Structures are given as structure tokens and as C-alpha cells.
């Protein structure tokens, strides 16, 4: 049986006609952002939407997930963003949602045009689209956002606690544009399973409207390029199901088609299932209940971070790993474009100390943060990501064999890292003599090489599972340099630790060392050793808060 015949058969069954009355409209649209602070500033600051929920990701707990909407986070008002901080950009194309549309009052177009100009944002329009005035913008990730003037959609609980007059406020999601190489099949899929019906055609676009009044524009994208996932793209569009019974009914109907639905998911705020429509766009079906207030009072929505119940990472560690952000008007760190990707974690009551963290092979800028937060809870942490890669994973320099390394690459990356630190000192007001460097495995080896290649850069450092990697060590006077070397008793690389310690001592460094019972992996055994060393070398008197090194503007495995 052909796909068209399947659709026709489904449309004539009692089950399918029942679905049309149970399912209708957009629940939310989810996209991917590269910079969470810019995302928050745009959607809460410029657009005036309410941040109604922040969670760790359900598929990956190390990804922050933000929900914006009206005052109550009503289904149909929600835009959500997965934060792939400093992640690779994607590409909009067929098999994706290419544009998001938000509903405003038609008389508000002039207000938003003026507001965009005052924020320095480029806009296009207003233009007429299907009889509606539309203003086109791009968000910080270059996702196309349309403000569509319509009186057909209103919000039951408009958010009136923003800088935008309530009469001009974003009302809810107006719709989305779906790019597809199979426009007829994509349209039939939406009409058959999600309660949409054809409204009008404009050239290559068929406009479908739901019972809720929102729209999906199905655009014929034959001849376009295919979409690629990544930052700056829309991950999926979610449609509304009145209840779990409706969800199960749609799932049963989808099992007779080529949609390949996935299993049911409990997302705490709604139950859902996923499928790909014939053109390749990922769609979700989500229940209206229990909603955003299941774990927060209406007045405090969006102020607390929540973790999925099944995550293996505890909430305290997630708060350290996930990117921090400030609401508009609040102090924040103004990040600078420097040669290495980096991220700060600022604790609630910082003592002014700053730790620069260099991960091991396969780690990233956040890998060491939980460990160092346990060892120094009041320290500001700056995690840095290595620029070399091996099988797609970050490293600090190229490796030839497990025990031999690209010497030119070590020197090149050491020079680049020294330039990065010089830039960070100037950009963030760091005091070089008060910064503590912590490196693990491959990252620790770059640090011990830096001591000789740039001897005035590092004054205090913790070297975890480190070994010498330079084939020719230049002379360096390391007098005044305090170092802690922690090796693993059963670590295959541990036998080289004593050679490293002797070399460092002979160069004048003060070296404390310890051995943990385990191997190359990091663990809780490292924490008290680091704490004891910090107490001996730095003391326990916190610096006054006005002397903080970074002033806001008012791993578990690796290889050398």
C-alpha cells in the first residue's frame, strides 16, 4: 500500500476522526543556542517573554534547557532552547523548521520596529504574509523569528512584568515554517494526525491552521540543501495532546505509517512521544498537563534549576557544570573572544581566588569543575577547552603514540595558551600571581611544559596524573613556583611522575607530591589532598569581595 493510500485509509477510520477532536495546535518549539546569556538577553530582555523553567536536559543532563512563555508557561506560548554552549553551528534546510512566528497585536508592528532599531537589531518589513503584517528578525543564533500581527490569537495570562507595555506583549506562538522535499506527504501527515487543515496557498507554501488557531507553513524545499543539526537551528516542533489517552491514540495510528514513532517519554511537565514526518522534520506530541507549575509556584516560575529524576549527576554538580547566566539588568561576566573556548563558574559567595582548569583527553571546559568546586567551594573557576582533537575529542596537543608526542604542536599550543592567559588577565582583571592552575593528564602535561617554555606564566599549579612530555627541556628558573603533583599508584603513566618531580625541583620549584591508591582516573581521594595543599600555600583568609579577581559588570578519565 502506498503512503497516500495509508493516509486515506486512516482518515476514514473512527480512530482517526476522533484524533482530530483531541489533538490540535502547537505546544512548544525547541531550538538550540550557542550562547545562553545572549539567548536570555534576547528572549527576556528584547522580546519580554517570561523565563518559566530551567532544567538540565532530559537526554543529556549536562545541557541546560530553558523555557520561555507567557506568565504561566501556557502550552502554545512556549519557546524552549537547549544550550550547546560554544557548540558547532548547524544549517537550516529541508527536514527542519526554518522560521518561528510569534503573535502580536497588528497595531504593535510599529512599536516593535522602533524597539528593534533602539536595540540595534536589523529587521525586515513589515510585509504582508497571508493577510498579516509580519516583521522579520534574527535572534543571536541567526534563527529567523517573525512577529506576526493577528487578532486571532491571545494569551490567557499575558506577562506584564517586563519592560514592554502589555498591549504590545508577545501573545503566544503564531506558527512555524517546515521545509520539506515531500510537501504533499508532510501536509497529509499534519492533517491526519495533528488536527491541522489547509487554509491557503502562496506559491511554494501551503498554510495549515489548527483548531487552536496557530499555523504551520509547509514549504516546498525541493532543490534546497538538507538541514544539519547544531546551534542556530530548530530541533523540533511539539504539538498538543489534551491528555495521555490522546497521546496513546496518536501513537497507535502512527504505528501503521512510515513515521517510526519513538517510545513514550515522561518530561515531568508533560508526557510526550516523538516521530519524524515524511519530510524528515522531528515532531513531538506533548500533553497539556501537568504543566509548568507542578514544581514551582506561579510567582517564582523560572527561578530554580531542576534536574531530571533519573540523572546520575547530582544537582550540586550540575549547577557547576551548566552555563551560568544573568537576567537583564543583573551583573554578569562579559565574555571576550579569546583563542581558547572558556567558561566561568562563579560561586554564590566568591572569595576572590581564581582557578584555571585544563581538562584531560576527551574532556572539555567543564570536566574538572565539580572536583575543584569540592576542593575550593568559594573559588571562581575558569575552565578552558584544548584546541587539538583526537577522534573528534578535545586535547591540548597532538599525540603520536601513547608515549610520544608532537613536539612542535606542544610548543605551538603552549604559546597560544600563554597568549590566551595574557588576554584573559587584561579582559577579566585577573592577578597572575594569585591564579591557581589545575591540569589533569594531557592538560597537566601542557602545564608542566608551560613552566619551561613560558616560565613566568604559572606561579601555582596542581598537576594530576602528569608526566614529562617535552623531549628537550630549556633552562628555566622556577624559584617561587609552588606545585602539587598527585599520581596514581596503579596508573600506567605513574612511573614517570618521579622523573617530573625531580626535574621541577632541580629547576627551583617547590614541589609537594602525593600518591592515591587508584589509577589514572580522578576521584574523591584527590579532594582532601588538594584542600590541604591550598591551605598550606594560600591560607584560609578570603580576599574582600571588592577585590574579586573576576568582576561582573553591575573529569573522570583522560590520557597524556
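In our numbering, the protein residues as written are -5 to 554. Don't be surprised by glycine CBs; every beta carbon is placed ideally from N, CA and C. Note that the structure is predicted; figures quoted are calculated from it, not measured.
Nearest-angstrom Cα separation, counted from residue 279 out to residue 262
14 Å
From 229, 235, 49 and 99, pick the residue whose C-alpha is nearest to that of residue 24; which is it?
229
Between which two residues does the alpha helix (DSSP H) containing residue 523 stretch?
520 to 532
Apart from the five residues just before and just after residue 166, which ones in its own chain have a Cβ nearer than 6 Å to its Cβ?
70, 71, 97, 147 and 149
Straight-line gap, residue 368 to residue 521 (C-alpha atoms, nearest Å)
7 Å
List the endpoints of the continuous beta strand (DSSP E) containing residue 195.
191 to 196
When the Cα atoms are used, what is the spatial distance from residue 356 to residue 335?
Answer to the nearest angstrom: the Cα atoms are 15 Å apart.
Within the continuous beta strand (DSSP E) that includes residue 510, where are the two ends?
504 to 510
Nearest-angstrom Cβ-Cβ length linking residue 55 and residue 305, presumed shorter than 8 Å:
The pair is a contact, with the Cβ atoms about 4 Å apart (cut-off 8 Å).
On the CB-based measure, 16 or more other CB atoms within 10 Å of its CB, does residue 136 come out buried or exposed?
exposed
Tell me the DSSP bridge mates of residue 174?
DSSP output for residue 174 lists 214 as bridge partner(s).
Return the CA-CA distance between residue 111 and residue 151, expressed in angstroms with no decimal places.
28 Å
Taking the continuous alpha helix (DSSP H) assigned at residue 284, which residues delimit it?
Careful: residue 284 lies outside any alpha helix (DSSP H), inside the beta strand (DSSP E) at 276 to 284.
Give the secondary structure of residue 19 by DSSP, where H, G and I count as helix, E and B as strand, and everything else as coil.
strand
Cα-Cα separation between residue 171 and residue 532, rounded to whole angstroms:
57 Å
Counting only the same chain and skipping the five closest in sequence on each side, list residues whose C-beta sits under 6 Å from that of residue 401.
For residue 401, where only same-chain residues beyond five positions count, the Cβ hits under 6 Å are 465.
From the DSSP output, read off the bridge partner residues of residue 48.
60 and 299
Between residue 387 and residue 393, what straight-line distance do the alpha-carbon atoms span, to the nearest angstrom?
13 Å
Within a Cβ cutoff of 6 Å, which residues of the same chain sit near residue 101, ignoring the five residues on either side of it in sequence?
none
Is it true that the CB of residue 377 sits closer than 9 Å to the CB of residue 363?
yes
Which partner residues of residue 72 appear in the DSSP bridge assignment?
22
Work out the CA separation of residue 162 and residue 530 for me, nearest whole Å.
Rounded to whole angstroms, residue 530 and residue 162 show a C-alpha spacing of 59 Å.
The alpha helix (DSSP H) spanning residue 406 covers which residue range?
401 to 422
Report yes if the CB atom of residue 273 is closer than 9 Å to the CB atom of residue 114, and no otherwise.
no
Measuring straight from C-alpha to C-alpha, what distance separates residue 269 and residue 249?
10 Å
Quick one: what's got a C-beta closer than 8 Å to residue 128's C-beta in the same chain, skipping five residues either side?
95, 119, 120, 121, 122, 140, 141, 142 and 143, listed in sequence order.
Among all the DSSP beta bridges, which residues are the ones paired with residue 209?
169 and 203
Give the secondary structure of residue 428 by DSSP, where H, G and I count as helix, E and B as strand, and everything else as coil.
helix
Give me whichever residues DSSP pairs with residue 228 in a beta bridge.
According to DSSP, which records beta bridges pairwise, residue 228 is partnered with 25.
Let me check one thing: in DSSP terms, what residues is residue 127 bridge-paired to?
According to DSSP, which records beta bridges pairwise, residue 127 is partnered with 122.
For residue 469, the three-state DSSP class (helix, strand or coil):
coil
If you compare alpha carbons, which of 288, 73 and 19 is closest to residue 34?
In terms of CA proximity to residue 34, 73 leads the group 288, 73 and 19.
Would a C-beta distance cut-off of 9 Å place residue 81 and residue 26 closer than the cut-off?
yes
Residue 495 burial status per 10 Å Cβ neighbour count (16 or more: buried):
Buried: at least 16 other Cβ atoms inside 10 Å.
In whole angstroms, give me the CA-to-CA distance for residue 513 and residue 436.
15 Å
Quick one: give me the first and last residue of the alpha helix (DSSP H) that residue 31 is part of.
30 to 34
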